[in-house]
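Student: Sharing a structure here in structure tokens format.
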């Protein structure tokens with residue numbers, strides 16, 4: 001009991017300010033992994049996917065529902081720890097201090113950490129021989145919705161042998177790792193990255209997605225974008241949403 005009291009002293013949000021119920025919007029839908037894998041199998045490309053940097057997501061239970069209440073109640077219990085790294089969060093769960101950092105994220109996702117490629121900061125110019133120009137030559141990447149890419153993936157009839165795998169990886173990065181909804185715009189630099197499968201598989205996905213996840217966990221329900229409705233706090237989380245829940 002004493003440990004609980006001590007932890008309460010360091011809560012970033014005091015208990016009397018807690019809103020217990022939450023609606024957390026996440027764009028990630030694991031069921032799409034199942035759909036993507038089915039198409040990869042049908043086109044005999046699933047073996048290529050299972051040696052890619054995202055092979056572990058082929059083993060996730062695709063019927064696993066995201067629990068907003070679990071995640072929200074963990075976030076409420078964030079505590080201040082002296083000497084904590086800027087790359088970790090600490091929570092008081094069940095009277096014990098619990099850390100969420102790079103190690104925990106890596107264990108859950110199996111994603112690679114390392115130096116981030118400069119491609120994310122380079123102004124986007126579509127590759128002339130890339131999948132963007134091949135399938136949407138008259139559309140700017142900034143105007144393309146993720147649903148458009150998914151619909152083209154499902155339609156089949158690819159122009160190059162590796163385009164099926166490239167679109168599959170592109171969709172998983174956007175929707176599963178970034179948790180971007182299908183009705184939102186794509187991440188343009190991903191087109192150029194996925195054109196080079198070796199570079200795509202070598203990209204530090206763990207580092208990039210962890211930073212994204214950490215940002216939204218820190219701001220989440222405390223940000224100005226959080227809204228209260230029917231007594232519930234409502235906010236959105238980007239980055240792989242299951243990382244904290246697991």
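Numbering (UniProt numbering), first residue to last: 1 to 246.
Cβ atoms here follow ideal geometry from the backbone N, Cα and C, with glycine treated the same way.
1) On the CB-based measure, 16 or more other CB atoms within 10 Å of its CB, does residue 103 come out buried or exposed?
2) Using C-beta distances below 6 Å, list every residue in its chain close to residue 66, excluding the 5 sequence neighbours before and after it, in chain order.
3) Is the CB-CB distance between residue 192 and residue 121 below 9 Å?
4) What does DSSP give as the partner residues of residue 236 in its beta bridges?
5) So within the UniProt domain "DUF1985" (80-212), which uninterrupted alpha helix (DSSP H) runs reach at least 4 residues, ignoring any that extend past its ends?
6) Suppose contacts are defined by Cβ-Cβ distances below 9 Å. Is residue 178 in contact with residue 124 by that definition?
7) Below 8 Å on the Cβ atoms is my contact criterion, and I expect residue 235 with residue 33 to pass it. Report the Cβ-Cβ distance as a whole number of Å.
8) Would you mind working out which of 49, 212, 233 and 8 sits nearest residue 94, comparing C-alpha positions?
9) Are the CB atoms of residue 105 and residue 12 nearer to each other than 9 Å?
10) Can you give the Cα-Cα distance for residue 89 and residue 56, rounded to whole angstroms?
11) Can you tell me which of 190, 164 and 148 puts its alpha carbon nearest to the alpha carbon of residue 37?
12) Would you check if there are 3 or more beta carbon pairs closer than 8 Å linking the region 158-175 to the region 43-54?
13) From residue 115 to residue 205, what does the alpha carbon distance come to, in whole angstroms?
14) Helix, strand or coil for residue 30? Go by DSSP, reduced to three states.
15) Taking DSSP as the reference, what is the three-state secondary structure of residue 65?
16) Roughly how many whole angstroms lie between the Cα atoms of residue 157 and residue 182?
17) According to DSSP, is residue 43 helix, strand or coil?
18) Using a Cβ-Cβ cutoff of less than 7 Å, which residues in the same chain neighbour residue 111 once the five nearest sequence positions on both sides are dropped?
19) Of all the options 53, 109, 58 and 74, which has the alpha carbon lying nearest to the alpha carbon of residue 15?
20) Starting from the Cα of residue 162, find the closest Cα among 28, 188, 139 and 134 and give me that residue.
21) Cβ atoms of residue 173 and residue 187: under 9 Å apart, would you say?
22) What are the residues that DSSP puts in a beta bridge with residue 11?
Tutor: If we stick to the structure as given:
1) Walking along the chain shown from the start, residue 103 turns up at place 103. An exposed status is given to residue 103, since fewer than 16 other beta-carbon atoms sit within 10 Å of its beta-carbon.
2) Stepping through the chain shown from its first residue, residue 66 is reached at position 66. Apart from sequence neighbours up to five positions away, the residues of its chain that approach residue 66 with a beta-carbon distance below 6 Å are 26 and 241, ordered along the chain.
3) Numbered from its first residue, the chain shown carries residue 192 at position 192. Numbered from its first residue, the chain shown carries residue 121 at position 121. Not a contact, by the Cβ cut-off of 9 Å.
4) Counting from 1 along the chain shown, the entry for residue 236 is found at position 236. Paired residues: 25.
5) Runs of the alpha helix (DSSP H) inside the UniProt domain "DUF1985" (80-212): 102-109, 131-135, 146-155, 163-171, 189-195 and 197-202.
6) For the purposes of this step, residue 178 is taken as the residue at position 178 of the chain shown. For the purposes of this step, residue 124 is taken as the residue at position 124 of the chain shown. Result no, Cβ atoms of residue 178 and residue 124 do not sit closer than 9 Å.
7) Locating residue 235 in the chain shown gives position 235, counting from the first residue. Locating residue 33 in the chain shown gives position 33, counting from the first residue. Their Cβ separation, rounded to whole angstroms, is 25 Å, which puts residue 235 and residue 33 out of contact at 8 Å.
8) On the chain shown, residue 94 is found 94 positions in, with the first residue counted as 1. Across the set 49, 212, 233 and 8, the C-alpha of 8 shows the shortest separation from the C-alpha of residue 94.
9) Indexing the chain shown from 1 puts residue 105 at position 105. Indexing the chain shown from 1 puts residue 12 at position 12. No, the pair does not count as a contact, with Cβ atoms beyond the cut-off.
10) For the purposes of this step, residue 89 is taken as residue 89 along the chain shown, with counting starting at 1. For the purposes of this step, residue 56 is taken as residue 56 along the chain shown, with counting starting at 1. One C-alpha to the other measures close to 25 Å.
11) Start at 1 with the first residue of the chain shown, and residue 37 comes out as number 37. If we check each option's Cα against that of residue 37, 164 comes out closest.
12) Taking one beta carbon from each stretch, the region 158-175 and the region 43-54 have 3 or more pairs nearer than 8 Å; the two touch.
13) Reading the chain shown from its first residue, position 115 is the one you call residue 115. Reading the chain shown from its first residue, position 205 is the one you call residue 205. Those two C-alpha atoms are separated by around 10 Å.
14) Counted from its first residue, the chain shown places residue 30 at position 30. Three-state result, residue 30: coil.
15) Along the chain shown, read from residue 1 onward, the residue named residue 65 stands at position 65. Coil at residue 65, not helix or strand.
16) Start at 1 with the first residue of the chain shown, and residue 157 comes out as number 157. Start at 1 with the first residue of the chain shown, and residue 182 comes out as number 182. Looking at the two C-alpha atoms, the distance is approximately 22 Å.
17) Within the chain shown, numbered from 1, the residue matching residue 43 stands at position 43. Coil.
18) Here the question's residue 111 lines up with position 111 in the chain shown. Apart from the 5 residues on each side of it in sequence, residue 111 sits with its Cβ closer than 7 Å to the Cβ of 205, 206 and 209 in its chain, given in chain order.
19) Within the chain shown, residue 15 is the residue found at index 15, counting from 1. Measuring C-alpha to C-alpha distances from residue 15 to each of 53, 109, 58 and 74 identifies 74 as the nearest.
20) Here residue 162 is taken as the residue at index 162 of the chain shown, counted from 1. Looking from the CA of residue 162, the closest CA among 28, 188, 139 and 134 belongs to 134.
21) Locating residue 187 in the chain shown gives position 187, counting from the first residue. Locating residue 173 in the chain shown gives position 173, counting from the first residue. Yes, these two residues count as a Cβ contact at 9 Å.
22) Residue 11 sits at position 11 when you count from the first residue of the chain shown. According to DSSP, residue 11 shares a beta bridge with 79.
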